[in-house]
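What follows is a single structure, written as structure tokens, with notes after it.
Numbering (the working numbering), first residue to last: 42 to 342.
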């Protein structure tokens, strides 16, 4: 696993076997942690944050602009995967992750906050599958942290919102009536939620949040399976997806009018970047147009 970093001193973070390695912009590299099984990374301002996970109930946090300091994070339970680091508008960092439950096949979704020191862990929700692709979180310009996740029994999507000032999560609100997968929150001007549902074929749907969540809308024809969903932003946000043997893109809001594109113009990369001073966050698994399309990469978590 390799994550690119848009930061003056550091260039990328890598998990090579069980070694957690940070690469410097000058070509040097340094091993941070031996025996790591997973990591998450984010950039807040000029500060790089890396959290490395072992097979236990704690993790190691490395952070700094030039030299990386190290400190321990107590996770509140044995790590179960799925870690995401999300930066907020105030320079804080939010760590969401699964911990294993004592019995059964489900997990707890937990949340720790870093604001010069760590606070938490808080419990977001219990009894959900430990599937990293089954939940998404994003900080939005409304100054709230938003999270969606697939429930355990019927796989429906649920939504919660975190009040940073009060440090409390809301109750769960259902967003779908049928089984869903691959949820993705995109913090555009309005918060967008994309997910996939299984009808006759796998379909891609979207809801937009204003004061309340809008009605679900389907992208594409629904006559072939959807896959390879990704996002990019230049002057406006765009969503990309494959349907059958064709590849499409459309700007946000133009859901019924996708245009076919050449698949070879696009590729996946894994950078950790900033969206700008008013919209700080980590970007993962994105479609990045090549051949000098000059789109700013955006994320697929």
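Think of the CB as a built atom: it goes at the ideal place given N, C-alpha and C, for glycine as much as any other residue.
Classify residue 217 as buried or exposed, calling it buried when 16 or more other Cβ atoms lie within 10 Å of its own Cβ.
buried
Same chain only: Cβ atoms within 6 Å of residue 115, ignoring 5 sequence neighbours per side:
99
In the DSSP output, which residue or residues are listed as bridge partners for residue 222?
237
Please name the residue, chosen from 294, 151, 264, 276, that lies closest to residue 210 on a Cα-to-Cα basis.
151
Length of the line joining the Cα atoms of residue 320 and residue 174:
Note that residue 320 scores a pLDDT of 32, beneath 50, so its modelled location is shaky; the value from the coordinates is reported in the next line. Straight-line Cα distance between these residues: approximately 23 Å.
As a quick exercise: from 93, 67, 126, pick the residue whose alpha carbon is nearest that of residue 59.
93
Residues that residue 229 bridges to, as DSSP identifies them
Paired residues: none, contrary to the question.
Residue 271 by DSSP, collapsed to three states: which one?
strand
What's the gap between the Cα of residue 42 and the Cα of residue 111?
21 Å
Residues bridged to residue 85 by DSSP?
88
Local Cβ density within 10 Å of residue 53, reported as buried at 16 or more and exposed below that:
buried
Per DSSP, which one or two residues make a beta bridge with residue 154?
135, 160
Return the first residue and the last residue of the beta strand (DSSP E) that residue 55 is part of.
51-57
So, helix, strand or coil for residue 318, using DSSP?
Because residue 318 carries a pLDDT of 30, less than 50, the predicted location of this residue cannot be relied on, and the following value inherits that uncertainty. Looking at residue 318 - three-state DSSP - the assignment turns out to be coil, as it is neither helix nor strand.
Cα-Cα, which of 272, 84, 56, 67 is closest to residue 74?
56
Determine the closest residue to residue 132 out of 154, 117, 124, with distance taken between C-alpha atoms.
154
Residue 164 and residue 149 - do their beta-carbons sit closer together than 8 Å?
yes
Integer-rounded CB distance, given that residue 301 should sit under 8 Å from residue 287:
6 Å
Alpha-carbon spacing of residue 244 relative to residue 185, whole angstroms:
29 Å
Bridge partner(s) assigned by DSSP for residue 93
80, 101
Among 207, 215, 87, which residue has its Cα nearest to the Cα of residue 193?
215
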